[in-house]
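Chains Y and A, in that order, are what the protein sequence lines are. Quick note: to get this note's numbering, add 433 to the position in the first sequence (first position is 1). Quick note: to get this note's numbering, add 433 to the position in the second sequence (first position is 1). Every residue, glycine too, gets a C-beta built ideally from N, C-alpha and C.
Protein chains: 2
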Amino acid sequence: MNFELTKEFLQELSLAVAKRNGNYVSEKIQDLHPADIAEIFDRIDLFEAQFIYELLDEEVASDVLVELEEDVRDKFLKSFTAQEIASQVDNMDSDDATDLIQDLSEERKEKVLSKLEDAEQASDIVSLLSYPEDTAGGLMAKEYIKANINWTVEECLEELRSQAEDVDYVHTIYVVDNQNKLQGTLSLKTFLFAGNNTKISDLYKEEPIYVKTDTPDEDVANIMEKYDLVALPVLNQANILVGRITIDDIVDVIKEEAEKDFQLASGISENVESKDSVWLLTRARLPWLLIGLVGGIFGAVVIKSFEYELVEFPVLAFFIPLIAAMAGNVGVQSSAIIVQGLANNSLSYGSTFSKVVKEVGVALINGAVLSSLIFIYNIAFGEAWELCFTVSLSLFVVIIFAGIFGTLIPLVLDQYNIDPALATGPFITTINDVVGLLLYFTIGWMIYF
Amino acid sequence: MNFELTKEFLQELSLAVAKRNGNYVSEKIQDLHPADIAEIFDRIDLFEAQFIYELLDEEVASDVLVELEEDVRDKFLKSFTAQEIASQVDNMDSDDATDLIQDLSEERKEKVLSKLEDAEQASDIVSLLSYPEDTAGGLMAKEYIKANINWTVEECLEELRSQAEDVDYVHTIYVVDNQNKLQGTLSLKTFLFAGNNTKISDLYKEEPIYVKTDTPDEDVANIMEKYDLVALPVLNQANILVGRITIDDIVDVIKEEAEKDFQLASGISENVESKDSVWLLTRARLPWLLIGLVGGIFGAVVIKSFEYELVEFPVLAFFIPLIAAMAGNVGVQSSAIIVQGLANNSLSYGSTFSKVVKEVGVALINGAVLSSLIFIYNIAFGEAWELCFTVSLSLFVVIIFAGIFGTLIPLVLDQYNIDPALATGPFITTINDVVGLLLYFTIGWMIYF
Chain Y
434 MNFELTKEFL
444 QELSLAVAKR
454 NGNYVSEKIQ
464 DLHPADIAEI
474 FDRIDLFEAQ
484 FIYELLDEEV
494 ASDVLVELEE
504 DVRDKFLKSF
514 TAQEIASQVD
524 NMDSDDATDL
534 IQDLSEERKE
544 KVLSKLEDAE
554 QASDIVSLLS
564 YPEDTAGGLM
574 AKEYIKANIN
584 WTVEECLEEL
594 RSQAEDVDYV
604 HTIYVVDNQN
614 KLQGTLSLKT
624 FLFAGNNTKI
634 SDLYKEEPIY
644 VKTDTPDEDV
654 ANIMEKYDLV
664 ALPVLNQANI
674 LVGRITIDDI
684 VDVIKEEAEK
694 DFQLASGISE
704 NVESKDSVWL
714 LTRARLPWLL
724 IGLVGGIFGA
734 VVIKSFEYEL
744 VEFPVLAFFI
754 PLIAAMAGNV
764 GVQSSAIIVQ
774 GLANNSLSYG
784 STFSKVVKEV
794 GVALINGAVL
804 SSLIFIYNIA
814 FGEAWELCFT
824 VSLSLFVVII
834 FAGIFGTLIP
844 LVLDQYNIDP
854 ALATGPFITT
864 INDVVGLLLY
874 FTIGWMIYF
Chain A
434 MNFELTKEFL
444 QELSLAVAKR
454 NGNYVSEKIQ
464 DLHPADIAEI
474 FDRIDLFEAQ
484 FIYELLDEEV
494 ASDVLVELEE
504 DVRDKFLKSF
514 TAQEIASQVD
524 NMDSDDATDL
534 IQDLSEERKE
544 KVLSKLEDAE
554 QASDIVSLLS
564 YPEDTAGGLM
574 AKEYIKANIN
584 WTVEECLEEL
594 RSQAEDVDYV
604 HTIYVVDNQN
614 KLQGTLSLKT
624 FLFAGNNTKI
634 SDLYKEEPIY
644 VKTDTPDEDV
654 ANIMEKYDLV
664 ALPVLNQANI
674 LVGRITIDDI
684 VDVIKEEAEK
694 DFQLASGISE
704 NVESKDSVWL
714 LTRARLPWLL
724 IGLVGGIFGA
734 VVIKSFEYEL
744 VEFPVLAFFI
754 PLIAAMAGNV
764 GVQSSAIIVQ
774 GLANNSLSYG
784 STFSKVVKEV
794 GVALINGAVL
804 SSLIFIYNIA
814 FGEAWELCFT
824 VSLSLFVVII
834 FAGIFGTLIP
844 LVLDQYNIDP
854 ALATGPFITT
864 INDVVGLLLY
874 FTIGWMIYF
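Structural data, given as structure tokens:
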């Protein structure tokens, strides 16, 4: 069935490369999809990849470049001359070409652009480079098919034949007026079965869904997802059609967005991977640990302020980790539900108050169950009643507090246009830890003294 | 531009519904996309939605049903007769129809199926119902266009015209032999520009990428993502073409997969949303809190076993939360990086040993920085040198231990085919908390006594 990259395959390939056995290598990879070859390149040494790359057809080679992971590609391109890059870029779709050129140094960027043979491609890339990467303009490609609303099907077919040369997959025909303003869309199916003399104006569907060049990529993703779209036209501020975005580019945005929340919740601040350098990994993680350290220091200050009580009743110290951990866990849970609701636009229109009320409901049940359990545990192990009450009562209060706090913080951050996912993870755990300890010792003090 | 659902819009709509003002309501919603109407229905009361639903065109009405959130749709369908459901299902794509019917009771399922007018649709649904929801068979639809490899373009066009009636968007033409075995694909573009007498066998592309009916949905998602596919053919065990999956259905799978990791990391065990009932939310959260509670009890046992040391030097208690929190944070970070690498298939083929070595590298830097900082803090506030050394040394050891542990656990779980995302979140925090405390007090005991 589909190709699966195995250790054995890689070993055989490496061996053949070491022997400079070009025929064998070519045979092994000739039927592979460029995405599979790129996956191989991501796994093997640079000099091996370079040897294999030389054996590829030009078309396949440029597809492989597009599919490579960015860091591997950057290393790869360093060994290329500007001319070599340019001849590959000529084969690419304008959006992929732009992504590749974007990562080059300013000097190389200009050199490569000046060496492109395809003048239209060069001007498309220059115009695409002007849009920020995280907007519709930065995602769109210039390869699309458009038809004038005044044409007939026959006239259109002729025009399309020449346009379609550059376009691998035709999703939709965009219908524009004489000023290139988008009027609507025409499915290839409708077009295919229409009579030759039918006018486009009688076939097209009005008012399609579209975005502007400055629409943020997350909004583009939401729109394509909501309306189940495969392609989406992009208009400039004057409503002129300037490009189209396809769903495969948006899948990455959707995935990254969901993963970003996971990373923030786990206390990782940059988009790092296991294979990144120790230095990069440390930089992504240290800031969150510093927050945790500061929280720990505050915790120490809180406990120190109850030093007298602690010396009298050292048993109070036993349950410090329990209270701190539960405060953190409940806070993360509550905030995660709100963060995900905000990300999916699935938070109901109910008021903040109603959300807090519901959270308190959940916290009351959780708190009652957990406080009872720890109460039974403490009684069973013969602890003094003061301790039993202190631990259970403060656990109950802490769970309710942490739930309310975890619900409110992401909502407040969102109000101020700060990414609410910041609220999950070490940040909220830390604050809830400290407040939880304060509540615990205060309740303990009231009960014991 | 695109429709945006505002509070004002909903209020006006509710008011009009209360006045039974059908004309006004129709006017407000007539230009809306079914996905927008479904969004409105998700937000308003059931009886309001029912009033509006009656005003919709039949085609739009069935599209709205498809787009509704499952819980809203379930409530909605309860007020329908089997006949009413059947007439809506007749309008739907086979995959959407199957999703809807799947959720009905066995009795209603049969009733609805028996009342379908479209016999082909009924048999398609019955066959689709036999596949598990989370496999390619459960995701696929029966609406696709196929051509026999022996046809000419002209013969094909005639056949396609009748097939295409049922298919909204034609992505690709699937080319099969006389036994319906998949031979390859043909893009509509190629087809459009080919001469009438050209044979399909001269036009089609061999060996497309495909999946089997029992391929898990996550693998389907990975394949479509990797090869940037818009549609993917599904074959049965005899390599007969039985359906196709489109990318819009897979976007949901990709998103759910990424979100599941976030939820597990945040200590939520079911796919819950903010608007779910208090009971459901509690059920999703309580199990993780119980793990935390048990961890807290173990923590208490650890501290209790060092009661004598604590009475002598109560200052040791001050830094309990700091050690526990840092152990948890580091563990979650390490495991999150591994979990995400496993989910993306981006973990390099390097050995487990090399990953642990790298993690130790990161931990050494983080540990050195954080231990030094807390050392300076403790010195600055005039703590005894025993405490300074105990806290800094144990923080250093704990960070290294938690990093190794956080790296290994998800890898081990993955080996045993347990979801490694289980390792992030409360589970690993709790274990690291307890072990961290043990290390802290052991080191403290060695330094003080």
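Looking at the C-beta of residue i, does it have a partner C-beta in chain A at a distance below 8 Å?
i	result
Thr857 (chain Y)	yes
Glu701 (chain Y)	The amino acid at residue 701 (chain Y) is misidentified as Glu; the sequence shows Ile. Chain A, which has a Cβ nearer than 8 Å to the Cβ of Ile701 (chain Y), makes this yes.
Lys622 (chain Y)	yes
Phe751 (chain Y)	yes
Ile730 (chain Y)	yes
Asp551 (chain Y)	no
Val453 (chain Y)	Note that residue 453 (chain Y) is Arg in the sequence shown, not Val. Answer no: the Cβ-Cβ gap between Arg453 (chain Y) and chain A never drops below 8 Å.
Ala569 (chain Y)	no
Glu658 (chain Y)	yes
Tyr810 (chain Y)	yes
Val603 (chain Y)	yes
Ala574 (chain Y)	no
Glu492 (chain Y)	no
Roughly how many angstroms lie between the CA atoms of residue i and residue j, to the nearest whole one?
i	j	result
Tyr637 (chain Y)	Glu517 (chain A)	32 Å
Glu460 (chain A)	Leu446 (chain A)	11 Å
Asn630 (chain Y)	Cys589 (chain Y)	10 Å
Lys579 (chain A)	Asp682 (chain Y)	27 Å
Ser738 (chain A)	Leu871 (chain A)	10 Å
Leu713 (chain Y)	Ala835 (chain A)	19 Å
Ser702 (chain A)	Ala717 (chain A)	5 Å
Leu651 (chain Y)	Val644 (chain Y)	It should be noted that the sequence gives Glu, not Leu, for residue 651 (chain Y). Cα to Cα, the separation comes out at about 12 Å.
Ala691 (chain Y)	Ile842 (chain Y)	20 Å
Asp866 (chain Y)	Leu826 (chain A)	22 Å
Glu658 (chain A)	Ser527 (chain Y)	20 Å
Lys622 (chain A)	Thr785 (chain A)	48 Å
Thr706 (chain A)	Glu437 (chain A)	Note on residue identity: the sequence assigns Glu, not Thr, to residue 706 (chain A). Whole-angstrom Cα-Cα distance: 22 Å.
Phe829 (chain Y)	Gln444 (chain A)	39 Å
Would you decide whether residue i is buried or exposed? Buried here means 16 or more other CB atoms lie within 10 Å of its CB.
i	result
Val845 (chain A)	exposed
Trp721 (chain A)	buried
Arg677 (chain Y)	buried
Gly815 (chain Y)	exposed
Ser563 (chain Y)	exposed
Ile673 (chain Y)	exposed
Ser885 (chain A)	The requested residue 885 (chain A) is not part of the displayed model; chain A covers only 434 to 882.
Phe882 (chain Y)	exposed
Using a C-beta cutoff of 8 Å, does residue i count as contacting chain Y?
i	result
Trp584 (chain A)	no
Leu498 (chain A)	no
Ile680 (chain A)	yes
Pro649 (chain A)	no
Gln848 (chain A)	no
Glu437 (chain A)	no
Quick one: which chain Y residues come within Cβ less than 7 Å of residue i?
i	result
Asn762 (chain A)	Gly700, Trp721, Leu722, Gly725 and Pro859
Thr715 (chain A)	Val795, Ile798 and Asn799
Lys931 (chain A)	Missing from the structure shown is residue 931 (chain A); chain A here goes from 434 to 882 and no further.
Val450 (chain A)	Residues of chain Y passing the Cβ test: none, with the nearest at roughly 16 Å.
So with CB distances below 8 Å, who are the chain Y contacts of residue i?
i	result
Thr862 (chain A)	Ala758, Gly761 and Asn762
Whose Cβ in chain Y lies nearer than 9 Å to the Cβ of residue i?
i	result
Ala769 (chain A)	Phe695, Gln696, Ala698, Ser699, Gly700 and Ile701
Gly774 (chain A)	Glu706, Ser707 and Lys708
At a CB-CB cut-off below 7 Å, which residues of chain A make contact with residue i?
i	result
Leu803 (chain Y)	Leu722 and Leu726
Pro747 (chain Y)	Glu740, Leu743, Val744 and Pro747
Val554 (chain Y)	The sequence given here has Gln at residue 554 (chain Y), not Val. Per Cβ cutoff of 7 Å: no residues; Gln554 (chain Y) is ~20 Å from chain A at best.
Leu806 (chain Y)	Leu726
Pro641 (chain Y)	In chain order: nothing, as chain A lies at least about 10 Å away.
Which residues in chain A have a C-beta closer than 8 Å to the C-beta of residue i? List them in chain order.
i	result
Arg594 (chain Y)	Phe626
- Message: Extract the residue ranges of the alpha helix (DSSP H) inside the region 669 to 723 of chain Y, only unbroken runs of 4 or more that lie entirely within it.
- Response: Runs found: 680 to 698.
- Message: My parser needs the alpha helix (DSSP H) runs of 4 or more residues fully inside the region 517 to 541 of chain A; what are they?
- Response: For the region 517 to 541 of chain A, whole alpha helix (DSSP H) runs of length 4 or above, ordered along the chain, are 527 to 535.
- Curious, which full-length alpha helix (DSSP H) runs of at least 4 residues does the region 772 to 826 of chain A contain? Taking only runs of at least 4 residues, the alpha helix (DSSP H) segments lying wholly in the region 772 to 826 of chain A are 785 to 813.
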